[in-house]
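Protein chains in written order, with full-length UniProt numbering: chain A, 1 to 365; chain B, 1 to 258.
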Ligand SMILES: Nc1ncnc2c1ncn2[C@@H]1O[C@H](COP(=O)(O)OP(=O)(O)OP(=O)(O)O)[C@@H](O)[C@H]1O
Ligand SMILES: [Mg+2]
């Protein structure tokens with residue numbers, strides 16, 4: 001009651017209660033607004049009290065991080081030795097020891113692309129050039145040739161496969177998706193039909209069967225002596241697959257943009273590509289950031305499917321570790337590690353999407 | 001050898017026997033209209049009479065099926081390359097402004113210049129600021145369109161079109177999406193533009209503006225030009241009963257016939 005009077009006495013400043021009262025008011029309205037809610041809140045709190053400490057103990061405090069073999073593991077906690085012991089395998093796969101710096105460099109290059117995206121001031125052309133060159137440079141570093149000793153792609157495995165497929169996939173899928181979306185709305189019937197056919201075909205076939213086709217059937221169409229790298233083949237499938245979905249997302253954006261934007265651009269003498277590149281696409285891409293990033297995250301997770309056609313990505317390494325006689329008891333830890341690995345990367349991507357959206361909102365209001 | 005009449009030399013827009021259909025709807029019927037350099041023509045008429053379609057044929061936002069549309073001495077047909085060059089010399093203002101929302105006011109005015117005319121950035125900025133000054137929007141150069149009122153946006157749209165240094169300006173109901181108190185500021189800009197000798201074709205129902213500025217008023221109904229007359233005659237002695245009915249409606253409803 002006294003608080004109420006105070007508020008009424010000073011009508012010009014917004015009421016600001018002491019934090020204890022604010023906390024009470026907040027928990028009243030957010031946690032205990034009704035009997036049912038209160039019961040739910042209490043049971044969730046009880047559940048958290050029961051499982052968080054236990055989980056932390058098992059995951060961190062009682063866990064074993066250093067040691068030489070399974071014998072060093074504390075049976076009360078998690079045993080991370082299969083990962084720390086085989087860390088090299090998880091990151092570099094079967095890449096020859098002497099050349100592993102090349103993998104490190106390409107992982108760092110991919111990671112810095114992500115960091116660069118956060119810098120607003122960076123020249124856009126510089127960034128685009130970096131992104132365009134990144135997959136090529138990564139492939140050159142990994143595969144060799146032109147000065148570097150060649151490494152067979154059968155040696156590629158682990159994180160390097162995941163990161164390469166994910167990064168190069170994202171970089172190529174978006175431009176291709178844009179072209180497909182534009183083609184689908186083209187005035188030229190041939191181009192439009194081809195794009196529609198392609199998009200609908202790809203979207204109605206599961207990605208797994210496309211991967212099988214890539215690994216088995218493409219060879220039938222290629223001249224017999226051409227060795228089209230299996231990794232590049234699955235990469236191509238992932239790109240083509242993601243691009244079809246992106247094209248659909250972008251088509252929605254293109255259709256939603258007011259017709260007046262196209263007309264104003266035309267009336268000012270913009271040609272087709274300039275209209276699209278400078279007026280239409282910047283707006284459509286801005287609107288579509290959230291769904292596009294969702295597709296990027298999907299692509300990143302779909303890279304794990306390449307295991308099915310015999311490419312060992314990080315999941316493949318994890319599975320082979322889990323069945324190794326030495327570590328066969330530690331399947332839980334191995335899969336938890338995988339979950340954390342994918343969560344960290346996908347969560348970072350989704351945060352980045354959020355960051356971009358907020359930046360757009362700021363620049364508008 | 002046939003020598004064209006000399007009067008044609010300074011024709012900005014020549015429309016002859018223009019016919020246009022949307023599907024089966026015949027929306028422009030045998031339209032002929034000539035606009036000389038420096039002339040101001042106001043087009044008015046009831047809703048759906050084809051005013052917008054006619055004005056949009058002049059920069060080929062709509063394609064016509066029959067007849068001749070000639071702008072700056074060049075006939076407009078399927079030839080795309082020529083079309084963009086012509087469009088750069090024909091400014092257009094829309095009812096809903098159609099500024100580019102992802103660009104600042106200044107960038108709205110400079111991008112078309114740098115991208116389509118090849119004007120260097122510094123020069124484009126200078127020209128844009130000069131014209132923004134003229135429409136009294138220089139102080140808002142770094143804002144985004146969504147931060148501005150309708151009247152302000154329309155004035156920027158005019159400045160943006162003028163940045164291309166057009167020979168002809170087309171206006172399609174530039175004030176009809178505006179609140180009454182903002183109409184005056186846009187009309188003021190248009191009036192001063194007219195006084196500077198710009199060739200203008202305006203679709204508008206602002207009869208005060210038409211009376212003051214227009215050299216000719218064209219009245220359209222159901223896809224036809226019903227009457228074409230200088231303002232004094234148009235308002236005091238309209239010939240066609242359709243024009244008379246339209247004028248009495250507009251005046252009865254008090255649509256800004258100042
Ligand atoms: N894109 C289109 N497709 C089909 N019909 C159209 C299209 N645009 C306009 N029309 C039709 O053409 C006729 C003329 O339209 P127009 O927009 O030129 O009229 P207007 O005189 O500008 O009317 P208003 O004063 O309402 O703007 C109308 O009957 C309209 O329904
Ligand atoms: Mg209209």
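C-beta atoms are modelled at their ideal positions from N, C-alpha and C, and glycine is treated no differently.
Residue 21 of chain B: first and last residue of the uninterrupted beta strand (DSSP E) it sits in:
Counted from its first residue, the second chain places residue 21 of chain B at position 21. Membership of residue 21 of chain B in the beta strand (DSSP E) is indicated by the continuous run 11-22.
As assigned by DSSP and simplified to three states, the class of residue 125 of chain A:
On the first chain, position 125 is the one that residue 125 of chain A refers to. DSSP places residue 125 of chain A in helix when its eight states are reduced to three.
Quick check: does the Cβ of residue 224 of chain B come within less than 7 Å of any heavy atom belonging to ligand 2?
Taking the second chain and counting its residues from 1, one reaches residue 224 of chain B at position 224. Answer for residue 224 of chain B: no, Cβ out of range of ligand 2.
Under 6 Å Cβ to Cβ from residue 4 of chain B, same chain only, skipping five residues before and after it: list those, please.
Here the question's residue 4 of chain B lines up with position 4 in the second chain. Unreliable placement is indicated for residue 4 of chain B, whose pLDDT of 48 sits below 50; the coordinate value is still reported in the next sentence. Correct list: empty, nothing qualifies.
beta-carbon residue 22 of chain B near ligand 1 non-hydrogen atom, thresh 7 Å
Against the second chain, residue 22 of chain B aligns to sequence position 22. Yes.
For residue 227 of chain B, the first and last residue of its enclosing beta strand (DSSP E):
Working through the second chain from its first residue, we reach residue 227 of chain B at position 227. If you look at residue 227 of chain B, you'll find it in the beta strand (DSSP E) that goes 224-229.
Listed by chain order, chain A residues near residue 84 of chain B by CB distance under 7 Å
Numbered from its first residue, the second chain carries residue 84 of chain B at position 84. Here the neighbours are 269 and 271.
Between the Cα of residue 236 of chain B and those of B:226, B:248 and B:187, spot the shortest distance and give me the residue it belongs to.
Working through the second chain from its first residue, we reach residue 236 of chain B at position 236. The shortest Cα separation from residue 236 of chain B among B:226, B:248 and B:187 belongs to B:248.
Closer than 8 Å, CB to CB, is residue 181 of chain A near chain B or not?
Here residue 181 of chain A refers to the residue found at position 181 when the first chain is read from its first residue. The beta-carbon of residue 181 of chain A is placed no less than 8 Å from the nearest beta-carbon of chain B.
Using 8 Å for Cβ pairs, my map puts residue 166 of chain B next to residue 91 of chain B. What's the rounded Cβ distance?
By 1-based counting over the second chain, the position of residue 166 of chain B is 166. By 1-based counting over the second chain, the position of residue 91 of chain B is 91. Rounded, the Cβ-Cβ distance is 4 Å, consistent with contact.
Give, in chain order, every unbroken run of the alpha helix (DSSP H) that is at least 4 residues long and sits entirely within the region 313-352 of chain A.
Within the region 313-352 of chain A, the complete alpha helix (DSSP H) runs of at least 4 residues are 314-323.
Taking Cβ-Cβ distances below 7 Å as the criterion, which residues of the region 156-174 of chain B are in contact with chain A?
If the cut-off is 7 Å between Cβ atoms, the region 156-174 of chain B has 164 near chain A.
What does residue 289 of chain A reach in chain E if we use C-beta pairs closer than 9 Å?
Considering every chain present, this structure includes no chain E. Its protein chains are A and B.
Tell me whether residue 351 of chain A is buried or exposed, calling it buried when 16 or more other Cβ atoms sit within 10 Å of its Cβ.
For this step, residue 351 of chain A is matched to residue 351 along the first chain. Classification for residue 351 of chain A: exposed.
How big is the Cα-Cα spacing for residue 175 of chain B and residue 187 of chain B?
The residue you call residue 175 of chain B lines up with position 175 of the second chain. The residue you call residue 187 of chain B lines up with position 187 of the second chain. Roughly 8 Å between the two C-alpha positions.
Nearest-angstrom Cα distance between residue 322 of chain A and residue 86 of chain A?
If you number the first chain from 1, residue 322 of chain A lands on position 322. If you number the first chain from 1, residue 86 of chain A lands on position 86. The straight-line gap from Cα to Cα measures roughly 11 Å.
Any beta-carbon of chain A closer than 8 Å to the one on residue 263 of chain B?
Outside the shown range of chain B, which is 1 to 258, sits residue 263 of chain B, and nothing can be said about it.
Residue nearest to residue 86 of chain B in terms of C-alpha spacing, selected from B:59, B:78, B:204 and B:95
The residue given as residue 86 of chain B occupies position 86 in the second chain. Of the listed residues, the one whose Cα sits closest to residue 86 of chain B is B:59.
Using only alpha-carbon positions, find the residue among A:101, A:92, A:195 and A:105 that is nearest to residue 155 of chain A.
Within the first chain, numbered from 1, the residue matching residue 155 of chain A stands at position 155. Just measuring C-alpha positions, the residue of A:101, A:92, A:195 and A:105 sitting nearest residue 155 of chain A is A:92.
Chain-order list of residues whose beta-carbon lies under 6 Å from that of residue 285 of chain A (same chain, five-residue window excluded):
The sequence position of residue 285 of chain A within the first chain is 285, counting from 1. Result list for residue 285 of chain A: empty, nothing under 6 Å.
Pull up the distance between the alpha-carbon of residue 118 of chain A and that of residue 275 of chain A, whole angstroms please.
Position 118 of the first chain holds residue 118 of chain A. Position 275 of the first chain holds residue 275 of chain A. Annotation: residue 118 of chain A to residue 275 of chain A spans about 27 Å, alpha carbon to alpha carbon.
What's the C-alpha gap between residue 358 of chain A and residue 332 of chain A?
In the first chain, counting from the first residue as 1, residue 358 of chain A sits at position 358. In the first chain, counting from the first residue as 1, residue 332 of chain A sits at position 332. One Cα belongs to residue 358 of chain A, the other to residue 332 of chain A, and the distance between them is close to 38 Å.
Residues of chain A with a CB under 7 Å from the CB of residue 140 of chain B: which are they?
Reading the second chain from its first residue, position 140 is the one you call residue 140 of chain B. Below the 7 Å Cβ cutoff, chain A contributes no neighbours of residue 140 of chain B, its closest Cβ being approximately 15 Å away.
Same chain only: Cβ atoms within 6 Å of residue 6 of chain B, ignoring 5 sequence neighbours per side:
For the purposes of this step, residue 6 of chain B is taken as residue 6 along the second chain, with counting starting at 1. Caution is warranted here: a pLDDT of 45 is assigned to residue 6 of chain B, below 50, making its placement in the model unreliable, and the coordinate value is therefore given only provisionally. Contacts found: none.
For residue 266 of chain A and residue 61 of chain B, believed in contact at Cβ under 8 Å, the rounded distance:
Counting from 1 along the second chain, the entry for residue 61 of chain B is found at position 61. Counting from 1 along the first chain, the entry for residue 266 of chain A is found at position 266. Rounded, the Cβ-Cβ distance is 6 Å, consistent with contact.
Do you know offhand how far residue 150 of chain B's Cα is from residue 47 of chain B's?
Here residue 150 of chain B corresponds to residue number 150 of the second chain, with the count starting at 1. Here residue 47 of chain B corresponds to residue number 47 of the second chain, with the count starting at 1. A straight line joining the alpha-carbon of residue 150 of chain B with that of residue 47 of chain B spans about 22 Å.
Whether residue 18 of chain B touches residue 44 of chain B by CB criterion (8 Å)
Taking the second chain and counting its residues from 1, one reaches residue 18 of chain B at position 18. Taking the second chain and counting its residues from 1, one reaches residue 44 of chain B at position 44. Result no, Cβ atoms of residue 18 of chain B and residue 44 of chain B do not sit closer than 8 Å.
I'd like to confirm something about residue 172 of chain B: is its beta-carbon nearer than 7 Å to some heavy atom of ligand 2, or not?
Within the second chain, residue 172 of chain B is the residue found at index 172, counting from 1. Yes; taking the cut-off as 7 Å, the Cβ of residue 172 of chain B has a heavy atom of ligand 2 nearer than that.
Quick one, which residues of the region 103-117 of chain B are near chain A if we go by CB-CB under 7 Å, in chain order?
Of all residues in the region 103-117 of chain B, only 111, 112, 115 and 116 place a beta-carbon less than 7 Å from a beta-carbon of chain A.
Does residue 15 of chain B come within less than 8 Å of chain A when only Cβ atoms are used?
Position 15 of the second chain, counting from 1, holds the residue named residue 15 of chain B. Chain A, which has no Cβ nearer than 8 Å to the Cβ of residue 15 of chain B, makes this no.
Are the C-beta atoms of residue 92 of chain B and some chain A residue less than 8 Å apart?
In the second chain, the residue the question calls residue 92 of chain B occupies position 92. It does: the Cβ of residue 92 of chain B has a partner Cβ on chain A nearer than 8 Å.
Give the straight-line distance between the Cα atoms of residue 258 of chain A and residue 310 of chain A, rounded to the nearest whole angstrom.
Counting from one through the first chain, the residue named residue 258 of chain A turns up at place 258. Counting from one through the first chain, the residue named residue 310 of chain A turns up at place 310. Rounded to whole angstroms, residue 258 of chain A to residue 310 of chain A spans 48 Å at the Cα level.
Measuring only from the beta carbon, is residue 50 of chain B closer than 7 Å to any heavy atom that is part of ligand 1?
Numbered from 1 along the second chain, position 50 holds the residue referred to as residue 50 of chain B. The answer is yes for residue 50 of chain B.
Taking 7 Å as the cut-off, is the CB of residue 67 of chain B close to at least one heavy atom of ligand 4?
This structure simply doesn't include ligand 4; it includes ligand 1 and ligand 2 instead.
Residue 203 of chain A and residue 218 of chain A - do their beta-carbons sit closer together than 8 Å?
As a first step, residue 218 of chain A is located in the first chain; it is residue number 218 there, counting from the start. As a first step, residue 203 of chain A is located in the first chain; it is residue number 203 there, counting from the start. Going by C-beta atoms, residue 218 of chain A is not nearer than 8 Å to residue 203 of chain A.
When the Cα atoms are used, what is the spatial distance from residue 134 of chain B to residue 37 of chain B?
The residue you call residue 134 of chain B lines up with position 134 of the second chain. The residue you call residue 37 of chain B lines up with position 37 of the second chain. The straight-line gap from Cα to Cα measures roughly 22 Å.
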